[in-house]
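Q: In the numbering used here, the protein residues as written are -16 to 453.
Using N, Cα and C, we set each Cβ at its ideal position, and we do this for glycine too.
From a predicted model like this one, the values you see are computed outputs, not experimental measurements.
Sending over a structure as C-alpha cells; questions will come in a sec.
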Amino acid sequence: MMRVREKKVMVIGLDCADPELVFTRFLDKLPHLKRLIQSGASARLRSTDPPITVPAWASMVTGKDPGQLGCYGFRNRFDYGYNSVGIVDSSVITEPTIWDVLGEHGFQSLVMGVPPTYPVKPIEGNMISCCLTPDASSPYTYPSALKHEIERKIGTYLFDVDNFRTAKYDELLTSIYEMTRLRFQTARYLLQAKEWDFFMMVEMGIDRIHHAFWHLMDSKHVLHEPSQYRDAILQYYQYVDQQIGELIASVPGNPMIMVVSDHGAKRMDGGFCINEWLRKEGYLTLKKEPTQLGPLDLSEVDWRRTKAWGYGGYYGRIHLNVKGREPHGLVDASRYERTRNQLIKKLRSLKDDHGARFPVTVFKPDKKYETTNNIPPDLIAYFGDLYWRSIGLVGGNQIFTHENDVGPDGANHDYEGIFISSWKNNSQRVDGGLLLHGLQIADIAPTVLNEFGISPLAGMVGKVIRTQES
C-alpha cells in the first residue's frame, strides 16, 4: 500500500520560459499560472553565468555554481588537447542533487527530463532522463523496468524535437506539441502510479518554440516579417498552461507547487564572429587564408603562431594556447594574466560595423565562481547584452553577421527566468501575490530541501527563498 505523507513538493520546469512573457505580456491568457502567481509568490530568477540549459538546471538542483559543478555549457573541454570538446552529460555532475539528498533522508522522488540526467543514475524513486538522451532505444529510466511500463501505458517517449532550427514550421509545431502532450501525459500517469514526495519535470518545448518563432512574434527583430505564425509562441504558452492546470488538478492533497525556468529569451540581432575577430587582432593564425566564411577547422590552425581561439554559442568562450598546458602552447604562463586582460580591454572597446559602441561583458571564470573544476574557458563573453550570439566562423573578413553557424535561430538566451510558488489549495491573495526580488537559480535546491526540514548542504551558494506561505 502506498504511503501517504502530508509534505509534497512539485517543481514544474519550463525551459526558457521568459518573465516578460509570463508575468506581463501573456499573463491574462495563462489562467493557471496567473492563479498560482496571485495566490503565492513570484519573481524573476537570475540564471547562471552563462545562462545555458545544462549548467543552469544543474545549478538549480544542486545549489552550486557552474564552477563548482565543472560544467560551463552544453559542451566542455575534457582535456587540454585542441579537439577535446564534448557534450556534457550526467557523469560530469558529481555534486549531490535535490533527489540525492532527499533519498538519504528516506524521501521518494519522481524526476522527469531534468538536464543533465542522461545517462540515468540510481535514485530513491523513479527517473526518466533528459533531452540529451539519443532516442527511446536508449536505457532512459531508473529503474530500467520503468521504460517498458511507459511504452506499454503511454507509447514511445519523446525527449526532444528532431530539429528546431528549421523553417518547416508546421512540422516543427506538430513535433513540439506531440512532445509536450506525451511528457505531461506521462507525468500525470506517474504521479498517480508511483510513490513520491518530491516531483520535478522539465518541458523543453518553450525553448524550442522561442528559437524557431521569436522573429515572427517580435516586430523589433531584424528578421521580422508578417506571418501566420505570429501567435505561435502565445498559443503554445496557452497549451502549456492548460497542461500545468491538468497536472496540478490530477494530484490529491495540497502539495507545494513551484513553476521555474532556467533562463529567459530575447531576440537575436546577429552574431559576432569571434574567431574572425581573433584573427584580425593577431591572436589566431591559420595555415592558409580561407576562401569564404565557414567553420573553424582546428586542423587548419597554426598552433605555433596562435595565442587564442574561440567557440560559438549563445555566449562566447575563449581559450588561450598556453605554453606547458596545450600541446603547442604559445602564451607563456608569466604572460597569462596580461594576455587575458588585453583581450578583455579590446573586447570592451569594440565598435559595431556602423561605428557605434558594441557592448561586451567579459569575465574570468576563476574570478566569477567559488572554484573552477574541470576545464573552464579562459574567458567568457556576452555580446551585445546577449542580443548577439557568438559565431565560430572564420573567413570573409566579416566580424558581424546575420548568418547563424548552426542553422536558423530567432532568439538568444536572457539572464533571467521565472519563479512562481504557491500551494495547490491557496486562495487568491488580497494583494494579488507576493513579488520577490534578488532570487538566484541556485536558491531552488536549498528552498526545496528546507520544505522537507533539511538544512542546505555545505558549499551551496543558493539561499532558502522565504515566502509568506513557507
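#1: Kindly indicate which three-state DSSP category S74 falls into: helix, strand or coil?
#2: Excluding the five sequence neighbours on either side, which residues of its own chain have a C-beta within less than 7 angstroms of the C-beta of S73, listed in chain order?
#3: Return yes when the Cβ of Y365 is within less than 9 angstroms of the Cβ of P466, no when it is not.
#4: If I'm right that L369 touches H337 with Cβ under 8 angstroms, what's the distance once you round it to whole angstroms?
#5: Let's test the definition: count the other Cβ atoms within 10 Å of the Cβ of A39 and tell me whether it reaches 16, buried, or not, exposed.
#6: For a test of the three-state rule: what should DSSP assign to H207, helix, strand or coil?
#7: Near F57, which residues of its chain fall below 8 angstroms by C-beta distance, leaving aside the five closest residues on each side in sequence?
#8: Taking 9 angstroms as the threshold (C-beta atoms), are A428 and T149 in contact?
#9: Output the boundary residues of the beta strand (DSSP E) element that contains K454.
#10: Can you give me the C-alpha to C-alpha distance between L269 and L276, rounded to a whole angstrom?
#11: Measure the Cβ-Cβ separation of D224 and L13 and say whether it is below 9 angstroms.
#12: Does the region 139 to 158 come within contact of the region 106 to 125, defined as at least 3 CB pairs closer than 8 angstroms?
#13: When you compare the CB positions of N304 and V314, do they come within less than 9 angstroms of one another, or not?
#14: Sorted by chain position, which residues of the same chain lie with C-beta nearer than 7 angstroms to D285's C-beta, five sequence neighbours on each side aside?
#15: Any chance you could list the alpha helix (DSSP H) runs of at least 4 consecutive residues sitting entirely within the region 95 to 141, in chain order?
#16: Output the distance between the C-alpha atoms of L440 and V431, rounded to the nearest integer angstrom.
#17: Taking 9 angstroms as the cut-off, decide whether the C-beta atoms of V(-8) and P238 are in contact.
#18: Among T450, G379, I358 and L362, which residue has its Cα nearest to the Cα of F61?
#19: By DSSP's criteria, E353 is part of a beta bridge. Which residues make up the other side?
#20: If you run the structure through DSSP and keep just helix, strand and coil, what is E399?
#21: State the beta-bridge partners of R340 as determined by DSSP.
#22: Assuming M482 is part of the beta strand (DSSP E), what are its boundary residues?
#23: Which same chain residues end up closer than 6 angstroms to L173 when comparing Cβ atoms and leaving out the 5 residues on each side of it in sequence?
#24: How about S244 and I76: do their beta carbons lie closer than 9 angstroms?
#25: Take V242 and list the residues in its own chain whose beta-carbon comes closer than 6 angstroms to its own, dropping the five residues that flank it on each side.
#26: Provide the residue(s) that pair with H302 in DSSP beta bridges, ordered along the chain.
#27: Answer yes if the region 174 to 192 comes into contact with the region 210 to 219, meaning at least three C-beta pairs across the two stretches below 8 angstroms, and no otherwise.
#28: Rounded to whole angstroms, what's the CA-CA distance from L165 to E283? Just pull it up for me.
#29: Might you give, ordered along the chain, the residues of its own chain that have their beta carbon closer than 6 angstroms to the beta carbon of V447, omitting 5 neighbours on each side?
#30: Could you tell me if H131 is buried or exposed, where buried requires 16 or more neighbouring beta carbons within 10 angstroms of its beta carbon?
#31: Expressed to the nearest angstrom, what Euclidean distance is found between the alpha-carbon atoms of D426 and I437?
#32: Along the chain, where does the alpha helix (DSSP H) that runs through S22 open and close?
#33: First and last residue of the alpha helix (DSSP H) that includes R166?
#34: Using only CA atoms, which one of T169, R18, M184 and R29 lies nearest to W82?
#35: Please report the straight-line C-alpha distance between L330 and T450, rounded to a whole angstrom.
#36: Short check: CB of V377 to CB of E264, under 9 angstroms?
A: In short:
#1: As a first step, residue 74 is located in the sequence shown; it is residue number 91 there, counting from the start. Here S74 sits in helix by DSSP.
#2: Sequence index remark: in the sequence shown, residue 73 carries index 90 (1-based). Once the five neighbours on either side are set aside, the close Cβ partners of S73 are P99, T100, Y101, P102 and K104.
#3: Because residue 466 is not part of the residues shown, which for the chain are -16 to 453, the question remains open.
#4: What you label residue 369 is simply residue 386 of the sequence shown in a count that begins at 1. What you label residue 337 is simply residue 354 of the sequence shown in a count that begins at 1. L369 to H337, Cβ: 20 angstroms. No contact.
#5: As a first step, residue 39 must be located in the sequence shown, where it is residue number 56. Answer is buried; the Cβ neighbour count reaches 16.
#6: Start at 1 with the first residue of the sequence shown, and residue 207 comes out as number 224. Coil at H207, not helix or strand.
#7: Here residue 57 is taken as the residue at index 74 of the sequence shown, counted from 1. Closer than 8 angstroms at Cβ, skipping near neighbours: I35, T36, V37, I70, V71 and G296.
#8: On the sequence shown, residue 149 is found 166 positions in, with the first residue counted as 1. On the sequence shown, residue 428 is found 445 positions in, with the first residue counted as 1. Taking 9 angstroms as the Cβ cut-off, T149 and A428 do not qualify as a contacting pair.
#9: Absent from the structure is residue 454, since the part of the chain shown begins at -16 and ends at 453.
#10: Residue 269 sits at position 286 when you count from the first residue of the sequence shown. Residue 276 sits at position 293 when you count from the first residue of the sequence shown. In this model, L269 and L276 are separated by some 13 angstroms (Cα to Cα).
#11: Translated into the one-based positions of the sequence shown, residue 224 becomes position 241. Translated into the one-based positions of the sequence shown, residue 13 becomes position 30. Yes, these two residues count as a Cβ contact at 9 angstroms.
#12: At 8 angstroms Cβ cutoff, the stretches touch.
#13: Residue mapping note: residue 304 aligns to position 321 of the sequence shown, counting from 1. Residue mapping note: residue 314 aligns to position 331 of the sequence shown, counting from 1. Contact: yes.
#14: For this step, residue 285 is matched to residue 302 along the sequence shown. Listed in chain order, the non-local C-beta contacts of D285 below 7 angstroms within the same chain comprise T268, L269 and K270, local neighbours out to five positions each way being set aside.
#15: Segments of the alpha helix (DSSP H) lying fully in the region 95 to 141: 128 to 136.
#16: Working through the sequence shown from its first residue, we reach residue 440 at position 457. Working through the sequence shown from its first residue, we reach residue 431 at position 448. So the alpha carbons of these two residues sit roughly 12 angstroms apart.
#17: As a working note, residue -8 is residue 9 in the sequence shown. As a working note, residue 238 is residue 255 in the sequence shown. Yes.
#18: Taking the sequence shown and counting its residues from 1, one reaches residue 61 at position 78. Ranking the options by Cα distance to F61, first place goes to I358.
#19: Along the sequence shown, read from residue 1 onward, the residue named residue 353 stands at position 370. None, per the DSSP bridge assignment.
#20: Here residue 399 is taken as the residue at index 416 of the sequence shown, counted from 1. Residue state, collapsed to three classes: strand.
#21: Here residue 340 refers to the residue found at position 357 when the sequence shown is read from its first residue. The partner list for R340 (beta bridge, DSSP) reads K334.
#22: No answer is possible for residue 482: the residues shown for the chain start at -16 and end at 453.
#23: The count along the sequence shown starts at 1 and reaches residue 173 at position 190. Excluding five sequence positions before and after L173, the CB atoms of its chain that fall closer than 6 angstroms to its own CB belong to L93, given in chain order.
#24: Along the sequence shown, one-based indexing puts residue 244 at 261. Along the sequence shown, one-based indexing puts residue 76 at 93. Using a Cβ distance threshold of 9 angstroms, S244 and I76 do not count as a contacting pair.
#25: Here residue 242 is taken as the residue at index 259 of the sequence shown, counted from 1. Same-chain partners within the cutoff: I(-5) and I403.
#26: Counting from one through the sequence shown, the residue named residue 302 turns up at place 319. W292, per the DSSP bridge assignment.
#27: The region 210 to 219 vs the region 174 to 192: in contact.
#28: Taking the sequence shown and counting its residues from 1, one reaches residue 165 at position 182. Taking the sequence shown and counting its residues from 1, one reaches residue 283 at position 300. A straight line joining the alpha-carbon of L165 with that of E283 spans about 45 angstroms.
#29: For the purposes of this step, residue 447 is taken as residue 464 along the sequence shown, with counting starting at 1. Answer for V447: P429, T430 and N433, listed in chain order.
#30: Here residue 131 refers to the residue found at position 148 of the sequence shown. Exposed is the call here.
#31: Residue 426 sits at position 443 when you count from the first residue of the sequence shown. Residue 437 sits at position 454 when you count from the first residue of the sequence shown. One Cα belongs to D426, the other to I437, and the distance between them is close to 14 angstroms.
#32: Translated into positions along the sequence shown, residue 22 becomes position 39. Per DSSP, S22 belongs to the alpha helix (DSSP H) from P14 to S22.
#33: Indexing the sequence shown from 1 puts residue 166 at position 183. Start and end: Y152 to A176.
#34: Here residue 82 is taken as the residue at index 99 of the sequence shown, counted from 1. Per the Cα distances, M184.
#35: In the sequence shown, the residue the question calls residue 330 occupies position 347. In the sequence shown, the residue the question calls residue 450 occupies position 467. Cα-Cα distance, rounded: 41 angstroms.
#36: Position 394 of the sequence shown, counted from the first residue, corresponds to residue 377. Position 281 of the sequence shown, counted from the first residue, corresponds to residue 264. No. Outside cutoff.
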